[in-house]
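Note sheet for the following structure.
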Amino acid sequence: MIRINDRVVLQDSEIEERFVRASGPGGQNVNKVATAVQVRVDIAAASLPEDVKARLAALAGSRLTSTGVLVIDAREHRTQGRNREAARERLTELLRHASRRPRVRRATRPTAASRERRITVKRHRSETKQRRRAGGDDD
Numbered sequence: 011m012i013r014i015n016d017r018v019v020l021q022d023s024e025i026e027e028r029f030v031r032a033s034g035p036g037g038q039n040v041n042k043v044a045t046a047v048q049v050r051v052d053i054a055a056a057s058l059p060e061d062v063k064a065r066l067a068a069l070a071g072s073r074l075t076s077t078g079v080l081v082i083d084a085r086e087h088r089t090q091g092r093n094r095e096a097a098r099e100r101l102t103e104l105l106r107h108a109s110r111r112p113r114v115r116r117a118t119r120p121t122a123a124s125r126e127r128r129i130t131v132k133r134h135r136s137e138t139k140q141r142r143r144a145g146g147d148d149d
């Protein structure tokens with residue numbers, strides 16, 4: 011079970027692990043032993059709050075299949091166990107990030123001083139361009 015907080019808990023039954031052969035480190039073992047792991051979670055069927063599911067789907071990006079399954083692939087270690095830990099850690103981090111509610115942006119108005127600075131900069135830029143146009147007869 012992966013517990014992020016009281017609201018966000020992912021049961022082991024909702025996590026599917028598949029072991030596949032990995033390219034990369036492993037020596038002679040690489041062609042015999044399936045050390046790479048794919049952790050798969052069906053987001054729609056998971057027992058997560060709806061807002062977390064929506065943020066998780068948005069964060070997943072290309073790791074989300076067309077059927078709504080999140081796939082995390084780990085193949086950087088030589089052993090199944092370490093790859094499994096790495097994949098679960100990535101899933102936990104993704105869930106932790108998705109469980110945070112984004113801050114609500116409050117609309118603010120620019121200060122009078124910042125408006126004045128903006129107008130002053132625009133005026134200076136305009137004057138520079140005006141001077142370039144007027145003095146173009148230097149043949």
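Terminal number for the sequence shown in this note's numbering: 149, no gaps in between.
All C-beta atoms, glycine included, are put in the ideal place defined by N, C-alpha and C.
- Message: If we require 3 or more residues per run, which beta strand (DSSP E) segments fall completely within the segment 25-92?
- Response: Counting only runs that start and end inside the segment 25-92, the beta strand (DSSP E) elements of at least 3 residues fall at 25-30, 46-52, 79-84.
- I think residue 56 touches residue 26, with their Cβ atoms under 8 Å apart; what is that distance to the nearest whole Å? Actually they are not in contact, since the Cβ atoms of residue 56 and residue 26 sit about 11 Å apart, beyond 8 Å.
- Item | residue 14 vs residue 101 beta-carbon contact at 8 Å | Residue 101 is positioned such that its CB atom lies no closer than 8 Å to that of residue 14.
- Message: By DSSP's criteria, residue 19 is part of a beta bridge. Which residues make up the other side?
- Response: As computed with DSSP, residue 19 is found in a beta bridge with 13.
- Express the C-alpha separation of residue 11 and residue 222 in angstroms, rounding to a whole number. The requested residue 222 is not part of the displayed model; the chain covers only 11 to 149.
- Message: Taking only three categories from DSSP, how would you classify residue 114?
- Response: If DSSP states are grouped into helix, strand and coil, residue 114 belongs with coil.
- Since residue 62 contacts residue 131 with CB under 8 Å, what's their CB separation in whole angstroms? Going by Cβ atoms, the distance from residue 62 to residue 131 rounds to 44 Å, so no, they are not a contact pair.
- Message: For residue 73, tell me which candidate among 83, 135, 92 has the shortest Cα-Cα distance.
- Response: Put simply, of 83, 135, 92 the residue whose alpha carbon is nearest the alpha carbon of residue 73 is 83.
- What is the residue span of the alpha helix (DSSP H) that residue 143 lies within? That run of the alpha helix (DSSP H) goes 122-144.
- Task: Would you identify the three-state DSSP class for residue 151, choosing helix, strand or coil?
- Result: As displayed, the chain neither begins before 11 nor continues past 149, which places residue 151 out of reach and without an answer.
- Item | Whole-angstrom distance between residue 71 and residue 51, CA atom to CA atom | Rounded to whole angstroms, residue 51 to residue 71 spans 14 Å at the Cα level.
- Query: Excluding the five sequence neighbours on either side, which residues of its own chain have a C-beta within less than 7 Å of the C-beta of residue 65, listed in chain order?
  - Reply: A distance below 7 Å between beta-carbons, with the five flanking residues on each side excluded, links residue 65 to the following residues of its chain, in chain order: 108.
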